[in-house]
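A.B. asks: Take the sequence shown: its letters are residues 1 to 406, numbered as in the UniProt record's numbering.
C-beta atoms are modelled at their ideal positions from N, C-alpha and C, and glycine is treated no differently.
Take this structure, written in structure tokens, and hold onto it; I'll ask about it next.
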Amino acid sequence: MKLDAKAIRYLTSEDFRVLAGVEAGSRNHEVVPTPLISNLSGLRGGSGVNRAISNLAKINLIAKVKNAKYDGYRLAYGGLDYLALNAHQKAKVIYSVGNQIGVGKESDIIVVAHSSGSQRIMKIHRLGRISFRTIKTNRDYLRHRSSASWMYMSRLAAMKEFAFMKALRENGFSVPEPIAQNRHTIVMGLIDAFPLRQIAKVADPAKLYSELMNMILELARFGLIHGDFNEFNILIKEEEDPDAKGKAPVSEEEEDENLLLTPVLIDFPQMVSVDHANAEMYFDRDVECIKRYFRRKFKFVSDKKGPTFAEARKLLIKNPGKRLDVEVEASGFSRKMAKELEAYMQEVGATGDGEGSKNTDDEDEDDDEEEESGSEEEDHSDADENQTSEDFDESTKRLEELRVSE
Ligand code: ADP
Ligand code: MG
């Protein structure tokens, strides 16, 4: 489901109140009866509400459902998107919307801009988009609200990601700047960089490798394991090395060497605490992911073994950072929410986008051959694979102002 923000400016504030009414009604109604929508919208019934309802249904923000007992409406993903966009616009977080640059399994990534023109990224969480149908409806957390669950769970994912991004950023980790969260969306700073996956050559793989391993250890020292630490979730900023200034590169090789590579970590909905029951498995998987990627892509194998979870634990005891797992819990993303989200993500198979997650099913992980065939690329969106620096520029050109008509 793609975000199409164009229709937003033709919506009236009345339309938005009705849309918010459908959202509020969905919390405890599978299908929200029309009189309830009218009530919850705070508008006094009549033709206004009916006109708004048919407007919203026409552009698929809500969908009519015929029920055995009564007819009514349910909120569509598009409706939730618009509510979030509207809130971001009101809060002056987003002024205009550009291109979608990524379609993940569980998210859409869109370039947006502030009124100052500075570009940002909006990540729309779409948990359950793929395999929602496979969910068993007898689960506790779904019992009373099976259609609302994707909304709730996507919101939890956004809350979790935002809380961790904030905690990490405040503690000096190289992550995007968290700007705002609303419903199932977060807005963050745009990193003008590409995923490691798209970096063809690295002049000094050993250096980058050790930086990444240090990042994993540093996360653990602050109580955290990323859980999906792979070549898609590490963006590599390429900057000119200030030390190399003035010296014109004589060869391509030298040009590469003059680039300073800074990894920026993204994608946090699956982070776990070092106290998680499966912490060691997650930790090892993150480490192994990087090892395998460097071995296959850059033909680099470190002479150092590990790091192991036991080593990480030792560091944490000897020289602990602030416990960010605990801090995030206290910030409003509770342990109960974390549990609900984890259970749901497992249920819908939302275990991230990288090799790490696939690795669990991948018995012959030492088989280097199959790697180059590109077979695993199938799982990833074209948007991810073909992203170029022009995408950001193109996006700027095509930013559409969001103007909700009054
Ligand atoms: P998913 O959970 O779907 O994997 P990610 O957060 O990993 O979503 O984002 C998917 C892709 O979108 C990334 O691989 C990256 O190319 C791009 N992306 C995400 N966040 C940013 C950002 N802040 N700046 C630039 N690109 C980003
Ligand atoms: Mg990702």
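If GLU400 sits next to LYS160, beta carbons under 8 Å apart, how far is it from one beta carbon to the other, in whole angstroms?
C.D. replies: Within the sequence shown, the letter at position 400 stands for residue 400. Within the sequence shown, the letter at position 160 stands for residue 160. In fact, because the Cβ distance is near 29 Å, the residues do not count as touching under 8 Å.
A.B. asks: Would you mind sorting ARG9 into buried or exposed? The rule is 16 or more other CB atoms within 10 Å of its CB.
C.D. replies: Position 9 of the sequence shown, counted from the start, is the residue given in the question as residue 9. So ARG9 ends up on the exposed side.
A.B. asks: How far does the beta strand (DSSP E) with MET188 in it extend, from its first residue to its last?
C.D. replies: Position 188 of the sequence shown, counting from 1, holds the residue named residue 188. Per DSSP, MET188 belongs to the beta strand (DSSP E) from 185-189.
A.B. asks: So, THR185 versus ILE124, is the Cβ gap smaller than 7 Å?
C.D. replies: Here residue 185 refers to the residue found at position 185 of the sequence shown. Here residue 124 refers to the residue found at position 124 of the sequence shown. Yes, Cβ-Cβ distance for THR185 and ILE124 is below 7 Å.
A.B. asks: Measure the alpha-carbon distance for ILE290 versus PHE222 and round it to whole angstroms.
C.D. replies: Position 290 of the sequence shown, counting from 1, holds the residue named residue 290. Position 222 of the sequence shown, counting from 1, holds the residue named residue 222. Distance between the alpha carbons of ILE290 and PHE222 is about 20 Å.
A.B. asks: Within this structure, are the beta carbons of ILE195 and LEU235 separated by less than 7 Å?
C.D. replies: Locating residue 195 in the sequence shown gives position 195, counting from the first residue. Locating residue 235 in the sequence shown gives position 235, counting from the first residue. The residue asked about is misnamed: residue 195 is Pro in this sequence, not Ile. Against a cut-off of 7 Å, the Cβ pair of LEU235 and PRO195 comes out as a contact.
A.B. asks: Give me the Cβ distance between ASP275 and ASP228, rounded to the nearest whole Å; I'm assuming they're in contact under 8 Å.
C.D. replies: Taking the sequence shown and counting its residues from 1, one reaches residue 275 at position 275. Taking the sequence shown and counting its residues from 1, one reaches residue 228 at position 228. Not really, about 19 Å apart at Cβ, beyond 8 Å.
A.B. asks: When the Cα atoms are used, what is the spatial distance from GLY102 to PHE232?
C.D. replies: As a first step, residue 102 is located in the sequence shown; it is residue number 102 there, counting from the start. As a first step, residue 232 is located in the sequence shown; it is residue number 232 there, counting from the start. Looking at the two C-alpha atoms, the distance is approximately 11 Å.
A.B. asks: Can the beta-carbon of PRO307 be found closer than 7 Å to that of LEU217?
C.D. replies: Residue mapping note: residue 307 aligns to position 307 of the sequence shown, counting from 1. Residue mapping note: residue 217 aligns to position 217 of the sequence shown, counting from 1. Yes.
A.B. asks: Taking buried to mean at least 16 other C-beta atoms within 10 Å of its own C-beta, is GLN346 buried or exposed?
C.D. replies: Start at 1 with the first residue of the sequence shown, and residue 346 comes out as number 346. Classification of GLN346: exposed, given that the 10 Å Cβ count is below 16.
A.B. asks: Sorted by chain position, which residues of the same chain lie with C-beta nearer than 8 Å to MET337's C-beta, five sequence neighbours on each side aside?
C.D. replies: One-based indexing of the sequence shown puts residue 337 at position 337. Same-chain partners within the cutoff: LEU156, MET159 and LYS160.
A.B. asks: Nearest CA to the CA of ASP267: which residue from ARG44, PHE164, PHE294 and ASN214?
C.D. replies: Numbered from 1 along the sequence shown, position 267 holds the residue referred to as residue 267. It is PHE164 whose Cα lies nearest to the Cα of ASP267.
A.B. asks: Quick one: Cα of SER47 to Cα of VAL31, how far?
C.D. replies: Residue 47 sits at position 47 when you count from the first residue of the sequence shown. Residue 31 sits at position 31 when you count from the first residue of the sequence shown. So the two alpha carbons sit approximately 21 Å from each other.
A.B. asks: Excluding the 5 residues flanking ASN171 on each side, which residues of the same chain have their C-beta closer than 8 Å to its C-beta?
C.D. replies: For the purposes of this step, residue 171 is taken as residue 171 along the sequence shown, with counting starting at 1. PHE222, GLY321, LYS322 and LEU324.
A.B. asks: Using DSSP with H/G/I as helix, E/B as strand and the rest coil, what is SER273?
C.D. replies: Here residue 273 refers to the residue found at position 273 of the sequence shown. Of the three classes helix, strand and coil, the one that applies to SER273 here is strand, per DSSP.
A.B. asks: Specify the secondary structure class of LYS2 as computed by DSSP and reduced to three states.
C.D. replies: Within the sequence shown, the letter at position 2 stands for residue 2. In the structure shown, LYS2 sits in coil (DSSP, three-state: anything other than H, G, I, E or B).
A.B. asks: Within 10 Å of its beta-carbon, does ASN230 have 16 or more other beta-carbons around it, so buried, or fewer, so exposed?
C.D. replies: Translated into the one-based positions of the sequence shown, residue 230 becomes position 230. Flag for ASN230 reads buried.
A.B. asks: Which one of LEU19, ALA76, GLY79 and TYR73 has the shortest CA to CA distance from ALA52?
C.D. replies: Counting from one through the sequence shown, the residue named residue 52 turns up at place 52. It is LEU19.
A.B. asks: Considering GLN119, what are the terminal residues of the beta strand (DSSP E) in which it resides?
C.D. replies: As a position in the sequence shown, residue 119 is number 119, starting the count at 1. Looking at the DSSP string, the run of the beta strand (DSSP E) that includes GLN119 is 119-125.
A.B. asks: Any heavy atom of the ligand ADP inside 6 Å of the beta-carbon of LEU341?
C.D. replies: Mapped onto the sequence shown, residue 341 falls at position 341. Flag unset: Cβ of LEU341 not near the ligand ADP.
A.B. asks: Helix, strand or coil, according to DSSP, for TYR70 in the structure here?
C.D. replies: Residue numbering aside, residue 70 sits at position 70 when the sequence shown is read from its first letter. Note: TYR70 maps to coil in three-state DSSP.
A.B. asks: Whole angstroms are fine: how far does the CA of ASP303 sit from the CA of PRO205?
C.D. replies: Counted from its first residue, the sequence shown places residue 205 at position 205. Counted from its first residue, the sequence shown places residue 303 at position 303. Spanning the two alpha carbons is a distance of roughly 13 Å.
A.B. asks: Tell me whether the beta-carbon of ALA84 lies closer than 7 Å to the beta-carbon of SER96.
C.D. replies: For the purposes of this step, residue 84 is taken as residue 84 along the sequence shown, with counting starting at 1. For the purposes of this step, residue 96 is taken as residue 96 along the sequence shown, with counting starting at 1. Not a contact, by the Cβ cut-off of 7 Å.
A.B. asks: Can you give the Cα-Cα distance for ALA310 and GLY21, rounded to whole angstroms?
C.D. replies: Numbered from its first residue, the sequence shown carries residue 310 at position 310. Numbered from its first residue, the sequence shown carries residue 21 at position 21. If I take the Cα positions, the gap works out to 51 Å.
A.B. asks: What do you get for ARG143, buried or exposed, if any count of 16 or more other CB atoms within 10 angstroms of its CB means buried?
C.D. replies: Numbered from 1 along the sequence shown, position 143 holds the residue referred to as residue 143. At ARG143, the pLDDT of 44 sits below 50, so the modelled position is not reliable; the number obtained from the coordinates is stated separately. Per the 10 Å Cβ criterion, exposed.
A.B. asks: For ASP71, is the beta carbon positioned less than 6 Å from some heavy atom of the ligand MG?
C.D. replies: In the sequence shown, the residue the question calls residue 71 occupies position 71. No; taking the cut-off as 6 Å, the Cβ of ASP71 has no heavy atom of the ligand MG nearer than that.
A.B. asks: Could you please give the first and the last residue of the uninterrupted beta strand (DSSP E) stretch that includes ALA220?
C.D. replies: Along the sequence shown, read from residue 1 onward, the residue named residue 220 stands at position 220. Note, ALA220: premise wrong, no beta strand (DSSP E); alpha helix (DSSP H) at 205-221.
A.B. asks: Tell whether a beta-carbon distance below 7 Å holds between LEU43 and GLY25.
C.D. replies: Working through the sequence shown from its first residue, we reach residue 43 at position 43. Working through the sequence shown from its first residue, we reach residue 25 at position 25. Not in contact: LEU43 and GLY25 (Cβ atoms no closer than 7 Å).
A.B. asks: Pick from PHE173, LEU224, HIS29 and ALA87: whose alpha carbon is nearest that of ASP284?
C.D. replies: Looking up residue 284 in the sequence shown gives position 284. Selected option, being the one with the closest Cα: LEU224.
A.B. asks: For GLU327, which residues from the same chain have a beta carbon less than 7 Å from its beta carbon, with the 5 sequence-adjacent residues on both sides left out?
C.D. replies: Here residue 327 is taken as the residue at index 327 of the sequence shown, counted from 1. Contacts found: ALA167.
A.B. asks: Restricting to Cα atoms, I'd like to know which of ARG197, ARG169, GLN198 and ALA203 is closest to GLY189.
C.D. replies: Mapped onto the sequence shown, residue 189 falls at position 189. Answer by Cα proximity: ARG169.
A.B. asks: Considering only C-alpha positions, which residue in the set ASP81, LEU265 and SER273 is nearest to ASN214?
C.D. replies: Taking the first residue of the sequence shown as 1, we reach residue 214 at position 214. Answer by Cα proximity: LEU265.
A.B. asks: If you compare alpha carbons, which of ALA279, ALA203 and SER118 is closest to THR262?
C.D. replies: Start at 1 with the first residue of the sequence shown, and residue 262 comes out as number 262. That would be ALA203, whose Cα lies nearest to the Cα of THR262.
A.B. asks: Hey, is PHE164 close to the ligand MG, as in C-beta under 6 Å from one of its heavy atoms?
C.D. replies: Numbered from its first residue, the sequence shown carries residue 164 at position 164. No; taking the cut-off as 6 Å, the Cβ of PHE164 has no heavy atom of the ligand MG nearer than that.
A.B. asks: What does a CB cutoff of less than 8 Å around ALA57 pick up in its chain, not counting 5 residues either side in sequence?
C.D. replies: For the purposes of this step, residue 57 is taken as the residue at position 57 of the sequence shown. Answer for ALA57: ALA63, LYS64 and TYR73, listed in chain order.
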